[in-house]
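Notes to accompany the following structure.
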Amino acid sequence: MTALAPDIRLVHQLLEHTARRVPDREVLVTHEPGATRLCYARLAAAAQCPAAISIAGISMTENTGNGHPGIDPSDMTREQAASELERLAAAILHHDELYHGGDAPEISDAEYDALRRRNLAVEQAFPDLVREDSPTKRVGYVALDKFEKVRHAIPMLSLDNAFSDEDVRDFWDRIVRFLKLETRPELTAEPKIDGLSLSLRYEGGRLVSAATRGDGTVGENVTQNARTITDIPTVLAGDKIPEIVEVRGEVYMTKQAFEMLNRRMEEEGKPQYVNPRNTAAGSLRQLDSAVTAQRPLKFFAYAWGEMSEVPEPTQMGMVEQLAKWGFVTNPLMRVFTAPEELLAHYHAIEEERASLAYDIDGVVYKVNELALQERLGFVARSPRWAIAHKFPAEKAWTVLKGIDIQVGRTGALTPVARLEPITVGGVVVTNATLHNEDYIKGIGNDGQPIRDGKDLRVGDTVMIQRAGDVIPQVLDVDLEKRPADAVPFEFPTTCPVCGSHAVREVNEKTGRADSVRRCTGGLVCSAQMAERLKHFVSRNAFDIEGLGDKQVAFFYNNPHLRLRNPANIFLLPQNDAKSLKNLKDKEGWGATSAAKLFDAIDARRNVELRRFIFGLGIRHVGEQTAKDLARYYGSAEALTVAMKRLADGDMAAREDLISIDGIGNTVADALTEFFA
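Everything in the sequence shown is counted per our numbering, starting at 27 for the first residue and increasing by one.
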């Protein structure tokens with residue numbers, strides 16, 4: 027059964043229900059025709075990069091080096107123009123490679139700009155002679171308003187992970203058992219590049235589109251930006267090129283290039299970037315490709331998607347073919363016929379990791395023979411024939427400077443460690459999660475010791491671990507370095523924001539107090555309300571473009587726009603029009619950004635039911651539960667009727683609810699409380 031998008035009036039009713047749970051109720055959604063609309067769009071990328079630099083000045087230079095210096099393009103013959111464009115394309119590519127590779131430039135910025143201006147002038151005089159490898163095709167001069175969506179012909183799946191040598195041996199054994207092989211299979215092993223996945227589509231040997239991985243099924247069109255990366259050929263070289271070729275790989279930034287970029291940012295008095303991976307991702311997702319062109323991005327090719335024909339029968343053969351077509355492939359890729367050989371290569375790469383020019387976070391193993399890959403197939407959203415053997419999480423010691431308490435949307439009081447800054451895994455860590463009250467005490471709610479029963483105190487020297495994009499954690503404490511005046515941390519029993527009691531609920535099944543202490547203020551608590559609003563507009567809920575955490579906080583604290591509940595979001599355009607000072611006139615905003623936000627809010631009348639349910643922020647109702655509810659009830663009308671019956675104590679409605687696979691009494695109680 028298809029889960030229907032909720033009717034707009036029912037949506038308003040549910041939003042109003044949420045609003046009624048807040049004491050401040052003077053602003054509610056009205057039902058006047060066209061007064062409010064619901065919108066769902068893609069969140070804007072995190073603003074990591076500085077403002078785009080416009081490229082101007084296309085006047086000719088008097089001397090462009092060899093070729094035909096000083097000749098006005100309008101006076102050139104076609105032969106001279108073609109020769110000049112060939113020379114300029116080669117020269118500019120050479121200097122791009124020097125710059126992006128981190129080597130010392132051979133010419134000044136002014137001389138480089140002169141080459142580009144000369145190239146553009148000749149192309150404008152002879153537009154039919156513009157080359158496929160033209161420098162102007164490697165930079166988009168017009169910034170985009172947003173990225174178009176691209177559906178991958180073949181999904182870009184993620185890989186299962188292995189975290190130990192034994193996991194790798196199990197992976198090998200599963201392959202052998204599944205295939206019932208009499209001989210040892212061949213497996214490839216290559217470094218797992220820590221970057222951003224990209225899919226490049228070629229038709230007739232020419233690059234026609236480039237898309238990010240996105241959710242694996244739908245990505246974003248970054249073709250203009252991909253053309254600025256020197257490792258990505260716009261025209262494939264060599265032979266055996268199918269009519270349709272999708273090449274997949276990783277966009278990354280070398281450590282040296284990242285350091286040079288940060289030095290430049292420091293010299294210009296601008297904020298420095300956090301790590302190469304995030305910088306590469308942010309650079310690739312610039313709406314103005316001229317900004318991307320200034321970033322030293324690289325690309326490793328290692329896989330493929332849609333192919334009208336596959337020219338080689340093995341993984342290694344295909345990667346070698348990618349190199350022949352003009353792509354950069356990883357030189358550390360090898361083929362092995364035993365699990366111990368894979369592990370030996372893994373540990374060799376691990377030892378070499380620090381000296382590599384780029385960041386890696388593991389080694390990927392793949393069955394080499396493509397026919398065997400096809401036999402193995404896929405499970406869920408990952409292939410059976412490949413696995414990523416991750417490196418152990420990096421650890422470091424630092425000092426615990428303080429403990430702050432944050433209040434989440436469900437009232438959970440979460441302690442956060444404030445740390446002496448320390449670099450872990452290439453990232454400067456200043457904060458780490460401490461999970462809950464028991465984690466600080468060193469004794470779990472089941473009475474079992476945590477960290478051998480050692481508690482955490484301000485001033486302690488603690489071990490920090492960071493694995494991938496996971497929030498850093500505090501693993502251990504060195505008691506020998508504990509200050510003499512360090513005292514046990516007293517966890518608050520009242521909410522630090524609203525002052526309401528903070529309690530640990532008793533689990534009915536175990537009879538134990540919950541590990542999490544929660545504020546009982548509900549939506550009276552401004553912290554919970556603000557976090558609920560952030561959740562409502564988040565990517566997997568309403569996904570409203572232009573309403574990130576900072577913008578929600580801005581509107582929440584603005585006395586004129588009164589963003590206090592989800593219903594208020596859809597009144598922002600109307601309330602802004604009534605305000606004495608419009609949003610476009612406020613600091614950090616402008617006419618364009620305000621208009622885009624209001625257009626986003628007004629862009630769509632309906633959202634998918636699963637997104638709406640998830641967006642309500644009901645405790646214990648995560649994405650999967652929201653999907654299950656949407657699938658079962660099918661429409662907002664049916665859901666509304668069922669929830670009203672549930673809130674009225676109708677046992678038949680409750681039994682119907684808990685009959686849904688994956689939903690039990692805990693979720694039923696949470697829904698009852700929410701809709702009561």
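Idealized CB from N, CA, C, for every residue including glycine.
For clarity, every value in this text was computed on a predicted model and none was experimentally measured.
My assumption, with CB atoms under 8 Å, is that residue i sits in contact with residue j. Please give the rounded CB distance.
i	j	result
Val393	Pro211	6 Å
Ile690	Cys545	According to the sequence provided, residue 690 is Gly. The question's Ile does not apply to it. Gly690 to Cys545, Cβ: 25 Å. No contact.
Leu205	Leu368	With a Cβ gap of about 17 Å, Leu205 and Leu368 do not count as contacting.
Tyr278	Pro302	7 Å
Val578	Ala556	7 Å
Glu649	Phe640	6 Å
Ala252	Leu224	7 Å
Gly275	Phe326	5 Å
Thr355	Leu348	6 Å
Lys281	Ala383	6 Å
Ala412	Val390	6 Å
Arg483	Phe515	6 Å
Val717	Arg477	Within the shown structure, residues of the chain are numbered from 27 to 702, placing residue 717 beyond reach of any answer.
Asn601	Arg590	Going by Cβ atoms, the distance from Asn601 to Arg590 rounds to 11 Å, so no, they are not a contact pair.
Can you tell me whether residue i is buried or exposed, with buried defined as 16 or more other CB within 10 angstroms of its CB?
i	result
Gln554	buried
Lys324	buried
Glu272	buried
Pro99	buried
Thr424	buried
Pro418	exposed
Asn583	exposed
Thr238	buried
Ser381	exposed
His415	buried
Ser190	exposed
Leu64	For Leu64, the pLDDT reaches just 28, beneath the cut-off of 50, and the residue's location in the model is therefore unreliable, although a value from the coordinates is still provided. The residue in question, Leu64, is buried, as its Cβ has 16 or more Cβ neighbours within 10 Å.
Ala263	exposed
Lys703	Nothing can be reported for residue 703, as the shown portion of the chain is limited to 27 through 702.
Lys218	buried
Lys576	exposed
Val405	exposed
Pro259	buried
Arg543	buried
Glu105	exposed
Asp129	Confidence in Asp129 is poor, its pLDDT being 41 and thus under 50, which makes the residue's placement unreliable; the coordinate value appears in the next sentence. When all chains shown are included, Asp129 counts as exposed.
Arg290	exposed
Ile570	buried
Ala510	exposed
Determine the closest residue to residue i out of the options, with distance taken between C-alpha atoms.
i	options	result
Gly572	Lys172, Ser100, Ile413, Arg143	Lys172
Leu426	Glu400, Gly485, Leu114	Gly485
Ser541	Val176, Glu463, Val354	Glu463
Ala694	Glu663, Ala664, Leu655, Gly660	Leu655
Ile97	Asn145, Ala116, Ala117	Asn145
Ser160	Ala617, Thr256, Asn187	Thr256
Leu597	Asn471, Arg558, Asp625	Asp625
Leu207	Glu395, Met342, Phe517	Glu395
Ile686	Arg657, Ala702, Arg671, Gly547	Arg657
Gly352	Leu287, Tyr228, Gly388	Tyr228
Val488	Gly525, Cys551, Ala422	Ala422
Gly242	Thr254, Leu222, Glu663	Leu222
Ala283	Glu269, Val234, Gln320	Gln320
Arg636	Asp628, Arg645, Ala652	Ala652
Arg177	Val248, Arg203, Arg200	Val248
Pro322	Asp674, Glu285, Trp198	Glu285
Gly537	Asp265, Gly525, Arg492, Gly473	Gly473
Leu119	Met102, Thr103, Ala107, Arg157	Arg157
Ala307	Gln298, Asn632, Thr318	Thr318
Requested in this report: Identify every run of the alpha helix (DSSP H) within the stretch 557 to 640, keeping only runs that are complete inside it and at least 4 residues long; order them along the chain.
Outcome: 575 to 582, 592 to 595, 598 to 604, 617 to 627
Query raised in the report: Is the stretch 677 to 693 touching the stretch 513 to 526, taking contact as three or more C-beta pairs under 8 Å?
Result: no
Query raised in the report: On the three-pair Cβ rule with 8 Å, is the stretch 526 to 540 touching the stretch 560 to 574?
Result: no
Query - Contact between the stretch 494 to 508 and the stretch 450 to 463 (3+ Cβ pairs under 8 Å) - result: yes
Query raised in the report: Can you give, in chain order, each stretch of the alpha helix (DSSP H) that sits fully within the stretch 194 to 268 and has at least 4 residues?
Result: 249 to 252
Report task. Could you say if the stretch 358 to 372 and the stretch 188 to 205 meet the contact criterion of at least three C-beta pairs nearer than 8 Å? Result -> yes
Requested in this report: Any chance you could list the alpha helix (DSSP H) runs of at least 4 consecutive residues sitting entirely within the stretch 311 to 362, in chain order?
Outcome: 315 to 319, 341 to 350
Report task. Indicate whether the contact test is met: 3 or more Cβ pairs, each with one atom in the stretch 303 to 315 and one in the stretch 329 to 337, closer than 8 Å. Result -> no
Query raised in the report: Counting Cβ pairs closer than 8 Å, one from the stretch 143 to 152 and one from the stretch 106 to 119, do we hit at least three?
Result: yes
Query - Every unbroken beta strand (DSSP E) inside the stretch 363 to 402 [3 residues or more] - result: 386 to 393
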